[in-house]
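Below is one structure, written out as structure tokens; the observations come after it.
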Amino acid sequence: MPRIIRVNMQTLEVKHQPVDKSYLRLGGRGLTSWIVSQEVPPTCHPLSEKNKLIIAPGLLSGTGIPLSNKLSIGAKSPMTGGIKESNVGGTTSFNLARLGIKAIILEGKPKDDALYVLHISSDKVSLLQANEYRGCGNYELHQKLRERYGDRVSILSIGQAGEMRLLAASIASSDVKGHPSRHAARGGLGAVMGSKGIKAVITDNATSSRIEIKDKKTLQKLSKDLAQKLVQTKAGLTKYGTAQMVDTANALGGMASYNFHRGSFEQAELINAETLYRNITQRGGEPSVPCMPGCVVRCSNLYRDKNGRYLTSSLEYETIVLMGSNCGISDLDVIASLDYHCDDYGLDTIDTGNVIALMMEAGVLPFGDGGRALKLLQEVEKGSVMGRVVGSGASVVGKILGLDRVPVVKNQGMPAYDPRTFKGMGTTYATSPMGADHTAGPAIPGRGGLDPSKTYDLTDPRGQVELARDLQIIIAVCDAMGWCFFVGPDPNTMHLTAKLLNACYGWQVSFEDVVEMGRRILRWERDFNRSAGFTKAHDRLPAFMLEEKQPPSGRIFDVDQNEIENMFS
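Numbering (this note's numbering), first residue to last: 61 to 629.
If you want it as structure tokens, here you go:
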């Protein structure tokens, strides 16, 4: 039987609980958002003992289905003040699911300032003091933990930013090569983990599975067909990773540049997918690496410096743009170094990239100065006042610097797609319960909604509300399953999800049931946010996006606000 591990950090008690009937058909984001909505007071302080951190594998995780091993982590966000789910690749979701663990609930706060490690094996869960790891970055920490617990363990951890409870703090997840390079980055959940006194969650490798598959033959057939389809259709992602979007977004005039003052970057060819691929292959790196078990797309990469030394894993579109063109930086090695330090300290690269660009706009350092940007970021490790400011996210920094052009929604920094061009993406930024988040409803070229007969022009304001709503519903389902959304956020995936759930669990769910699951998750999240004090005014982009024409396209964000405000009604 699946179980829930509940850890009370005030009493240091670890309890194993059978799964309540209401939880049985929930997983991933569905389970984290349900538990947060039921057990966390919406008006509590996110770093208080009343908040809870929920860690949950998806409903399909651990089953051998391709792209199904993402892990959901949820809490009330210290950055947005609302509900938050941030999902991440790596190996933890696979191992938790195979160990029969439905969720880990971290609650309360330690009475002292001690740090702890939660160690999970097939027969025991232990809460161990870990003060010797205080101040460790994620890379040093993961090395020490592997020396102690073995090379095959899965690790979730926080770096210095999480210990300091900075608002942009992330939770690192070890990838298949053991690097702490995958991050549940958005919303400051690393700060919540730090407030619980947990430095790391270690899960032993699950050598056998406790998942009982009801129809193995059907599951294997569906999984094989899916794997073959993904290998054929995602070849570009496999070769170039998400960096392939650099040229596309730049050509469309929708790539964040110079703190969103422009939608294109004159040196884009220096940071695009071809340059990244050339650097990686010439230096002995790896252009195609899986981020989790069962990943056949392998859009991750391993990047080395000019001397062939490991620098980071993985360089992705959002990081390349927010720490590159948005800061006027055109050197991939500098961007990779910034990414490495964010991974080490445990910081969201999206919010931190926005922070650096805001400081450039305010004249703290000039646009394009990668060396000074790196020195600024390294202040985080020192724990200096400036370092704590850098790690506090774009909304806080914009207020400190007295700026009126701050690209945030619900206090969360915008990803790299400029809403004045990517209007469906901008609608998602405005309306997602999670704040500005491209993964919540990724309206990029070629994406459609729940009605396959409809197509959308991403630069046309018409139809974007419907598209963003449908994509948010689909993505909520994907997050509940443990899917990477590169499986395809579309109706076909929802039909496949129903078939796979029925094969795994012996259920009789339909396409409509699966879609309703996504709607239900969004209702829980929006209800929580309303109880936390959110109003329709929170579902807005910053005013400059509506008023300031974006060079070179001359576009503004002109999706009808009344439609946006009534999107979910």
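All C-beta atoms, glycine included, are put in the ideal place defined by N, C-alpha and C.
Treat the numbers as computed from the prediction; the structure is a model and nothing was measured.
Under DSSP, the beta-bridge partners assigned to residue 229 are 407. The beta-carbon distance between residue 170 and residue 69, rounded to whole angstroms, is 5 Å. This is short enough to meet the 8 Å contact definition.
Just measuring C-alpha positions, the residue of 260, 357, 227 sitting nearest residue 164 is 260.
Comparing alpha carbon positions, the residue from 347, 418, 236, 230 closest to residue 318 is 418. Counting along the chain, residue 164 sits inside the beta strand (DSSP E) bounded by residues 161 to 167. When the beta-carbon positions are compared, residue 500 and residue 535 come within less than 8 Å of each other. The beta carbons of residue 472 and residue 247 sit closer together than 8 Å. By the criterion of at least three beta-carbon pairs nearer than 8 Å, the stretch 401 to 413 is in contact with the stretch 457 to 476. Residue pairing for residue 146: DSSP places it in a beta bridge opposite 133. The three-state reading of DSSP puts residue 327 in coil, since its state is none of H, G, I, E or B.
For residue 475, there is no enclosing alpha helix (DSSP H), as DSSP marks it with neither H nor E. Boundaries of the beta strand (DSSP E) harbouring residue 74: 73 to 78, taken from the DSSP string.
As DSSP reads the structure, residue 68 sits in a beta bridge with 73, 167. Under the DSSP assignment, residue 242 falls in the beta strand (DSSP E) whose first and last residues are 242 to 244. Taking the Cα positions, residue 549 is about 7 Å away from residue 531. Separation of the CB atoms of residue 574 and residue 558 is rounded to 5 Å, and the pair is thereby assigned contact status at 8 Å.
Apart from the 5 residues on each side of it in sequence, residue 627 sits with its Cβ closer than 8 Å to the Cβ of 487, 491, 525, 528, 529, 599 in its chain, given in chain order. Counting C-beta pairs closer than 8 Å gives fewer than three between the stretch 119 to 132 and the stretch 597 to 612, which falls short of the contact rule. Nearest to residue 597 by C-alpha distance, out of 109, 621, 358, is 621. In the DSSP assignment, residue 363 is bridged to 372. Nearest neighbour of residue 100 by Cα position, chosen from 89, 134, 356, 229, turns out to be 134. By the CB criterion at 8 Å, residue 607 and residue 143 fall outside the cutoff. With respect to the C-alpha of residue 132, the residue from 568, 580, 275, 544 having the closest C-alpha is 544.
The C-beta distance from residue 361 to residue 348 rounds to 7 Å, short enough to fall under 8 Å. DSSP places residue 491 in the helix class (H, G or I) of the three-state scheme. Counting every other CB atom within 10 Å of its CB across the protein chains shown gives residue 552 a total below 16, marking it as exposed. Secondary structure note for residue 292: its alpha helix (DSSP H) is the uninterrupted segment 276 to 293. For residue 273, no alpha helix (DSSP H) run applies, since DSSP gives it neither H nor E. In terms of Cα proximity to residue 363, the closest of 338, 421, 357 is 338. Residue pairing by DSSP puts residue 315 in a beta bridge opposite 477.
Taking the CA atoms as reference points, residue 192 sits about 21 Å from residue 401. Looking from the CA of residue 270, the closest CA among 104, 160, 341, 327 belongs to 160. When the Cα atoms are used, residue 201 and residue 514 turn out to be separated by approximately 49 Å. When the five nearest sequence neighbours on each side are left out, the beta carbons in the same chain lying within less than 8 Å of the beta carbon of residue 279 are those of 123, 124, 125, 273, 560, 563, 564, in order along the chain. Here the alpha carbon of residue 502 sits roughly 19 Å from the alpha carbon of residue 298. At least 8 Å separates the beta-carbon of residue 521 from that of residue 404.
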